[in-house]
Amino acid sequence: MLLQDKVAVVYGAAGEIGGAVARAFAGEGARVFLTGRLQAPVEVVAKDIVSAGGYAEAAEVDAIDEPAVDRHLLSVIDKAGRVDISFNAIGIPDTKILGVPLAELDIETFSLPITAYTRSYFLTAHLAAAHMIPKKSGVIMTVTALPARMGSRLNGGYGPAMAAKEALTRDLSAELAPAGVRVVGLRPQAMPDTPTIKDAFEPRAKASGMTWEQWKELLASRTHPRRLMTLEEVANMAVFLASDKASGMTGTTVNLTMGSLDD
Ligand SMILES: NC(=O)c1ccc[n+]([C@@H]2O[C@H](COP(=O)([O-])OP(=O)(O)OC[C@H]3O[C@@H](n4cnc5c(N)ncnc54)[C@H](OP(=O)(O)O)[C@@H]3O)[C@@H](O)[C@H]2O)c1
Numbered sequence: 025m026l027l028q029d030k031v032a033v034v035y036g037a038a039g040e041i042g043g044a045v046a047r048a049f050a051g052e053g054a055r056v057f058l059t060g061r062l063q064a065p066v067e068v069v070a071k072d073i074v075s076a077g078g079y080a081e082a083a084e085v086d087a088i089d090e091p092a093v094d095r096h097l098l099s100v101i102d103k104a105g106r107v108d109i110s111f112n113a114i115g116i117p118d119t120k121i122l123g124v125p126l127a128e129l130d131i132e133t134f135s136l137p138i139t140a141y142t143r144s145y146f147l148t149a150h151l152a153a154a155h156m157i158p159k160k161s162g163v164i165m166t167v168t169a170l171p172a173r174m175g176s177r178l179n180g181g182y183g184p185a186m187a188a189k190e191a192l193t194r195d196l197s198a199e200l201a202p203a204g205v206r207v208v209g210l211r212p213q214a215m216p217d218t219p220t221i222k223d224a225f226e227p228r229a230k231a232s233g234m235t236w237e238q239w240k241e242l243l244a245s246r247t248h249p250r251r252l253m254t255l256e257e258v259a260n261m262a263v264f265l266a267s268d269k270a271s272g273m274t275g276t277t278v279n280l281t282m283g284s285l286d287d
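Taking our numbering, the leading residue of the sequence shown gets 25, the next gets one more, and so forth.
Right, here's the structure in full:
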């Protein structure tokens, strides 16, 4: 198994990507510590993992609250002795942000995703690094999306937030890789099997003049295989990146846009 006995912490583990990645990590032998803003939905994922024979523990942790993230990491170290993988997959609710042109958006709403994502990604990486550096080993993982690298419409501050996460991935790696800690990101194509994509479409439906089916077809038509991505494909790549098989990979965000975005 690719992650046998690795200790992984997942933030936003009740979410679509966080949950799928947590299940895949556990399926490859990792001990997974799941966290989320609310305990109940994280507990559901943890129970699934345990019933499938894996190791999982659930905890309520707000990933933008420094003392909460710190306390949780200390409890993981207490139980498991170390943290090998830190995976942040939180998604900031954006239904009130999307669909408003930048020319009409107020500064607080524009800044919200930029502040929340960069704060959470900095905190979880910074606190994990403090435990990984003394062990000279660890992997810190991030998740972004297409607007990190291409112009998009009616997305508020989401694109700048995604671009900031990719820059942070590179800078963390430049500082941490000499200490044995890799930092890698995933930039997945849209996954229509997650409600996230439909939720992102709804506020833009009117401006786009397209139905949901037409919009999905348009996104798919921009990929080389003419289809969108599955959660399983993203989780499989996360497992590989977290594993020692990817020891040569750091300071980069893997382009999972299936050809929609050239490197
Ligand atoms: N789904 C896709 O197709 C896709 C593709 C590319 C990139 N992405 C990006 O990947 C990220 C995750 O996407 P997703 O589809 O997995 O979203 P999701 O299903 O909405 O999951 C996000 C999770 O993060 C949790 N969360 C939000 N704020 C938090 C906080 N402060 N502390 C702890 N947990 C928090 C949410 O909890 P609550 O429900 O309690 O708020 C939710 O469980 C997003 O940035 C998204 O834009 C998604």
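Even glycine gets a Cβ: it sits at the ideal position worked out from N, Cα and C. None of the values given here were measured: they were computed from a predicted structure.
{"query": "Can you determine whether any heavy atom of ligand 3 sits closer than 7 Å to the C-beta of Thr277, and answer yes or no?", "result": "Of the ligands this structure carries, namely ligand 1, none is ligand 3."}
{"query": "Within the present structure, is the beta-carbon of Ser144 separated from the nearest heavy atom of ligand 1 by less than 7 Å?", "result": "yes"}
{"query": "In this structure, does DSSP put Asn279 in helix, strand or coil?", "result": "strand"}
{"query": "For Gly283 and Lys240, I'd like the C-alpha separation in whole angstroms.", "result": "16 Å"}
{"query": "Can at least three beta-carbon pairs, one atom from the segment 130–147 and one from the segment 51–64, be found at a separation below 8 Å?", "result": "no"}
{"query": "Using only the heavy atoms of ligand 1, determine whether one of them is closer than 7 Å to the beta carbon of Glu40.", "result": "yes"}
{"query": "Please classify Pro212: is it buried, with 16 or more other beta-carbons within 10 angstroms of its beta-carbon, or exposed?", "result": "buried"}
{"query": "Please report the residue range of the alpha helix (DSSP H) in which Ile164 lies.", "result": "Looking at the DSSP string, Ile164 is not in any alpha helix (DSSP H); the run it does join, the beta strand (DSSP E), is 162–167."}
{"query": "Whose CA, out of Ala214, Lys159, Pro184, Arg228, lies closest to the CA of Leu252?", "result": "Ala214"}
{"query": "Taking Ala153 as the reference, give the member of Ile114, Asp94, Ile73 with the closest Cα.", "result": "Asp94"}
{"query": "Considering only residues of the same chain and omitting the five flanking positions on each side of Ser135, which have a CB-CB separation below 8 Å?", "result": "Gly181"}
{"query": "Roughly how far, in whole angstroms, is the beta-carbon of Val69 from the beta-carbon of Gly36, given that I think they are within contact range, below 8 Å?", "result": "Wrong, their Cβ atoms sit about 11 Å apart, outside the cutoff."}
{"query": "Just tell me which of Asn279, Thr276, Leu265 has its CA closest to the CA of Ala48.", "result": "Leu265"}
{"query": "By DSSP, does Thr59 sit in helix, in strand, or in coil?", "result": "strand"}
{"query": "Per DSSP, which residues does Ser110 bridge with? Please list them.", "result": "Val33, Ile164"}
{"query": "Select from Arg194, Ala46, Val208 the residue whose C-alpha is nearest the C-alpha of Val74.", "result": "Ala46"}
{"query": "Thinking just about the alpha-carbon of each residue, which of Ala203, Met165, Ala198, Gly209 is nearest to the one in Ala172?", "result": "Gly209"}
{"query": "Tell me the rounded alpha-carbon separation between Ser176 and Thr247.", "result": "16 Å"}
{"query": "For Ser161, which of Asp268, Phe225, Ala169 has the nearest alpha-carbon?", "result": "Asp268"}
{"query": "Check whether the Cβ atoms of Met156 and Ala262 lie closer than 8 Å to each other.", "result": "no"}
{"query": "Which residue's Cα is closest to the Cα of Ile221: Lys159, Ala188, Asn179?", "result": "Asn179"}
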